[in-house]
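In order, the protein sequence lines correspond to chains A and B.
Under UniProt numbering, think of the first position of the first sequence as 1, with each following residue one higher.
Under UniProt numbering, think of the first position of the second sequence as 1, with each following residue one higher.
In what follows, a structure is listed as structure tokens, so that the remarks can point back to it.
Protein chains: 2
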Amino acid sequence: MDHTQRKYSEYKAWLQPKSSLTPKALRIRADFDLDFIHQECRLGLNRLWGEIKESAAYTLQLKIDDGAHEAYSLTPLASGFEIAGGSKRGLLYGVYRFLNRLATGESIDQIHERSAPQVDYRIINHWDNMDGHIERGYAGQSFFFAHNQFDYDAERITDYARLMASIGINGICINNVNVNKVSAGLIAEPLLSDLADLAALFRPFGIRLMVSVHFDAPMIVGGLTTSDPLDAGVKEFWRAQSAVVYDKIPDFLGYVVKADSEFRGGPEAFGRTQADGANTIAAAVAPFGGLVFWRCFVYNCQQDWRDAQTDRPMAAYKHFQPLDGAFDQNVILQIKNGPVDFQTREPVSPLFSSLTNTHEAIEFQIAQEYTGQQIDLFSLAVQWEEILTTEVNKGKQLRGLFGHEITAVTAVTNTGNNMNWTGNTLAQCNLYAFGRIAWNPDLTAKELIREWIRITFETDEHGSQTIEAMLLQSRDIYENYTAPLGIGFMVNPSNHYGPNVDGYEFSHWGTYHRADFEAIGVDRTSKGTGFTTQYPESLQNMYDHIATCPEELLLFFHRVRYDYQMKDGRTLLQYIYDSHFEGAQQAEALLQSWETLENRVPQEAFYSVKERLKRQLRNAREWRDQVNTYFYRKSGIDDEKGRQIYR
Amino acid sequence: MDHTQRKYSEYKAWLQPKSSLTPKALRIRADFDLDFIHQECRLGLNRLWGEIKESAAYTLQLKIDDGAHEAYSLTPLASGFEIAGGSKRGLLYGVYRFLNRLATGESIDQIHERSAPQVDYRIINHWDNMDGHIERGYAGQSFFFAHNQFDYDAERITDYARLMASIGINGICINNVNVNKVSAGLIAEPLLSDLADLAALFRPFGIRLMVSVHFDAPMIVGGLTTSDPLDAGVKEFWRAQSAVVYDKIPDFLGYVVKADSEFRGGPEAFGRTQADGANTIAAAVAPFGGLVFWRCFVYNCQQDWRDAQTDRPMAAYKHFQPLDGAFDQNVILQIKNGPVDFQTREPVSPLFSSLTNTHEAIEFQIAQEYTGQQIDLFSLAVQWEEILTTEVNKGKQLRGLFGHEITAVTAVTNTGNNMNWTGNTLAQCNLYAFGRIAWNPDLTAKELIREWIRITFETDEHGSQTIEAMLLQSRDIYENYTAPLGIGFMVNPSNHYGPNVDGYEFSHWGTYHRADFEAIGVDRTSKGTGFTTQYPESLQNMYDHIATCPEELLLFFHRVRYDYQMKDGRTLLQYIYDSHFEGAQQAEALLQSWETLENRVPQEAFYSVKERLKRQLRNAREWRDQVNTYFYRKSGIDDEKGRQIYR
């Protein structure tokens, strides 16, 4: 495939040519040590405009200024334009931003922007296994690995690095947090040299690599008989092995660790704390400026469903809040946005409001594990905006922690070796939006979606508005036909796609709704499991009381009778029926909307998205009918509007 | 391992040495052409007694008489004993029967028996895949295949052939009915020569081999573009390929075919009938005396759960009853005992009472797919006795069809390469019982179980009675804590072990209980789906009316309210609660009973069975709690006795 041809290709994602733009004759000027950035700028203009006419009359100046490290400024000049960065990386971001703004159709002399990221680390996590399979991957196989070795197309890696740098990503962890015996070896030869080769492809784009390491690497890789983080031999293993890594890759960003979680080893197996575990590894990389991203996804995944005392969302706080302040400076606690697991709707993790003396990363999931698996449309930007603007303490929103407690933003990516990277072409928008909000959490979903549409497609007003409306509504639509009101986890076990209302109800994963003939939900208030007490008092009060609890989280926090009266007067049960009938209708409307775009968006995108919207509609109807039937069979209460509920 | 040592070994199954018996000095006499049988007799006596003292004073005469082909007689003489058979095979059966009666401790001069089997074909079906995995296997891997080729220990095969011949088995199908592209090649070189080698190991024991063939073999093996059974090229393929098979294995018994079933190809794909399909293949083997066992497990496995008209148990009758009389003489329709799929409790398939002009095989499942997977104790003899004595027409019991409409008895075996053959040592009893009832369906479960215990173990009276009681109760116990009253299929999808009340409720497999807030079950009467109309009128009437329907099948035939009053006055719901509490208690009692047998049964059997009984108890408690909680949550009705039901 020749990706240099100046026409739309799904592979180019948001870096598309723009045949409708008027090219400008100009001359690019940059110091000789900025060659790579100069070249990226030229390639970008060529892509957008075609071959550039050189003109001494208009100068595009690239330069390093004295701004903050990753900051850039875009400034129109009398007879030219200046892109300045506080460092090469800042300048590179400036160039990409300049190109992207041009791509939206803005006139060059209207582009005026100064920007710097609020957090230092904007990270993509790949859950790629070295056998090529991607855990929770919905866009093909890994483009890093196959057959338990590195196996990649260097050109594709470069294209990927450019895509990621163009949205401000500066760190990528290439392997699954569920590390196995093969990938445990990434920090040692022979894999380490291959890792160094890969790092070299990302380096010019300002992207530093990370790997997920196995907590038991001292045993698996080092041949020791323990992984006890306070054991001298274990400490020495991590120190020496990390020295080897940094000798090969001096700008290596560090390690991601999933410990004491879902059958992974961890410090608790040795009677040590999470801090003991994290600090031992962190001490090993500290001399090299390395980081340890230590995941907080620690809970009892062997719960007995009969045990109504244990409440899974409380686990992370219980494990980590008492250790606030005990972690080394180069440890960053990686906290999932919510206390459960990337559900369609959950509250913000109480750890964000309770850790004040610890570096934190918020972890999002771009991969649509529970949100439609890149078959069903789900604009995560909408969810993220809501999360980022959630109050976490004394009126402060979550995004207000960025650059303070929160020093990193990470996400599990939705990419694979499909030619369009993300399976569903519209899911590219989620990847794009992630980079942008990691850079600037004040961006709204609407802004992000508009921006992405404008730089990705050349369509008409109807096209832009249709796609924008589809994306903006997509999350509510998906929520309507799936699990209601924050209850979560009504999915098929293991694969997590499609309805299975009781699928996790008697399992050991700790996710129960306990629906019976008259009520549903777990009382997580201070009078129930006490989960709400993990929040600051004002939030606790809000969540504790059903009248003040945000209604969209009603079933996350409360056990509620089916005849409970919602704010608009409907019963809870009627709300559930209504939202499911509506959601399936909305899914049908999504397909109909998309069908109006034939010949308005590129054919390859049109057909691949249409095929997925058809599958989404089947899925939505299945959800509607199974959920409605489930509640009818439990409650014996009919739909007030007499619509079809199967018996 | 040396299996010749004269001590108990699980590997020897029911062919154990007996240190408590008093050996008799004797001389064996047989014509020279009976060498193999003579040797089997001597080996058997050596096993039971140790080295035999030769004595001319007592003669054990082996001879062929003019009895029926497979008949034998055991006759004490003045100064000796005569074993006669109507053929070598009959004589061999006589020898094994003689040895088994000796093994029970009977005195030789009390052994007097004439016997002949009621059906000509007593068949074991292996669901072994050629990669070594056994579908629904709970006793290890295949002892025929590994890595997609034949891979066996000839000594083990000989031991297996002896075990099977000793209970009268005369045909074995070695591969899974779900034939794949590899096993489709068993009827062609290079695999055919290997098959012939294996057949040679079984031949002395009177056992003829079969293979499951792929209906699409004309395409897969023959390279044709169709498998249409009326296509001349297809007919020629089957003819020519079968000639090749019979050239290599002249006594080959024939083929098993699973067609138009669960994603397998079949004649209906070509607009042909099941008879068209079966007869084309049957015609190809008829010249060689071969048979085609054509399975009747044909149903829509892509049903929409919303579709309440389609009723899976009706499918086999609909497909096959109209074709009664249309099948060639060497076609045997292989019909599962019940209309669904080897559930703990179901009625007898209506095909048995409705096919009068067709050869039939009844298919049992010794492998405990839905009956505890050789972890939970389940004596199938109890179930089989009940099935065989079920009325099928005008007062006639199912076993009354043996030797008439039913000309073959088949079963999916429970064996694998575990050293004790069956995983659970007590599951050997099911294998033994199958062979015996296939020979003589008038044997009761109690007789079979006693016989098996006495020839397998040397234990005391407490030991025998305990094991007997455990086995006799095992089926009721399992039924008590699992799916109630014939409702079936409340198991975990795919693996079919453990509870999942709604596990198949919204699936495409056609097995629904449709439990709601007030009732459970599918109305299969003539006023419901009409399934009962597939039975003769008197049976239809019996099943149609809730008052006359056997109560243990209540929920198979009727949709019943939870407050329905059972015969003993309890409500249906209270019956369900009671049986589940009782079943879990009984499972505990099973373990306690077995624990009294330490030092009364061989250690290897004691510990392996004990470990399984512990797992059974855990399983039973899980079933009890999930089922009770499920119905409490649906109905809101508490246990009358106030026992713990989790909310």
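For glycine and all other residues, C-beta sits at the position ideal for the given N, C-alpha and C.
Predicted model, so just to flag it, every value in this text is computed and none were measured.
If I'm right that residue i touches residue j with Cβ under 8 Å, what's the distance once you round it to whole angstroms?
i, j, result
"A:L62", "A:A30", "4 Å"
"B:Q365", "B:F342", "4 Å"
"B:L485", "B:E552", "6 Å"
"A:G206", "A:R89", "4 Å"
"A:F402", "A:Q118", "4 Å"
"A:I64", "A:L91", "6 Å"
"A:L253", "A:R208", "4 Å"
"B:V257", "B:F215", "6 Å"
"A:C301", "A:G132", "With 8 Å as the limit, A:C301 and A:G132 do not qualify as a contact, their Cβ atoms being about 26 Å apart."
"A:A367", "A:R615", "About 17 Å separates the two Cβ atoms, so there is no contact after all."
"A:T407", "A:E363", "So it is not a contact: roughly 13 Å between Cβ atoms."
"B:T358", "B:D324", "5 Å"
Using only CA atoms, which one of the options lies nearest to residue i?
i, options, result
"B:G372", "B:V491, B:F32, B:P602 and B:I111", "B:V491"
"A:Q534", "A:A483, A:K318, A:T548 and A:Q110", "A:K318"
"A:A284", "A:N599, A:P229 and A:Q302", "A:P229"
"A:Y577", "A:Y543, A:D639, A:Y607 and A:V522", "A:D639"
"B:Y121", "B:N393, B:F293 and B:T310", "B:F293"
"A:A445", "A:G266, A:L380 and A:P493", "A:L380"
"B:D328", "B:W305, B:N178, B:I281 and B:E346", "B:I281"
"B:E622", "B:F581, B:E611, B:T422 and B:D153", "B:F581"
"B:N46", "B:L34, B:H359, B:L377 and B:R6", "B:R6"
"A:W14", "A:F36, A:T422 and A:A200", "A:T422"
"B:E346", "B:W384, B:Y299 and B:A116", "B:W384"
"A:A116", "A:H69, A:H38 and A:P550", "A:H69"
"A:F145", "A:R162, A:D159, A:A161 and A:H126", "A:H126"
"B:R97", "B:R27, B:I187, B:W452 and B:C296", "B:W452"
"A:D311", "A:R561, A:N541, A:A275 and A:Y512", "A:Y512"
Pull up the DSSP beta-bridge partners for residue i, would you.
i, result
"B:Q397", "B:E391"
"residue 690 of chain B", "The requested residue 690 of chain B does not occur in the structure, where chain B is confined to residues 1 to 647."
"B:E82", "B:Q61 and B:T75"
"A:L573", "Its beta-bridge partners do not exist; DSSP assigns none."
"A:V256", "A:S212 and A:F293"
"A:C173", "A:N125 and A:M210"
"B:Q565", "B:T571"
"B:F402", "B:I406"
"A:E113", "A:L74"
"B:H359", "B:I332"
"B:I28", "B:L60"
Following the continuous beta strand (DSSP E) through residue i, name the residue where it begins and the one where it ends.
i, result
"A:L333", "V331 to K336"
"A:P76", "Y72 to L77"
"A:Y121", "Y121 to N125"
"A:S20", "First-last for A:S20: undefined, no H or E at that position."
"A:I477", "Taken as a continuous stretch (DSSP letters only), A:I477 belongs to no beta strand (DSSP E), being part of the alpha helix (DSSP H) at E461 to Y481."
In terms of residue numbering, what span does the alpha helix (DSSP H) encompassing residue i cover?
i, result
"B:E155", "A154 to A165"
"B:G94", "K88 to A103"
"B:E451", "A445 to T456"
"A:Q540", "E537 to D544"
So residue i contacts chain C; which residues on that side make the cut at Cβ distance below 7 Å?
i, result
"B:Q626", "Considering every chain present, this structure includes no chain C. Its protein chains are A and B."
Exercise. Relative to chain B, which residues along the region 500-525 of chain A have a C-beta separation below 8 Å, given in chain order?
Worked result: Flagged, chain order: N500, V501, D502, F506, R514, A515, D516, F517 and E518.
For this session: Compile a chain-ordered list of the residues in the region 634-646 of chain B whose CB is closer than 8 Å to at least one CB of chain A.
Result: Flagged, chain order: K634, S635, G636 and Y646.
Problem set entry | Proximal residues, the region 299-319 of chain A versus chain B, C-beta separation under 7 Å | Per Cβ criterion, the list reads R306.
Exercise. Got a sec: which bits of the region 238-270 of chain A sit with their beta carbon under 8 Å from any beta carbon on chain B, in order along the chain?
Worked result: Shown here is that no member of the region 238-270 of chain A has a Cβ falling below 8 Å from a Cβ of chain B.
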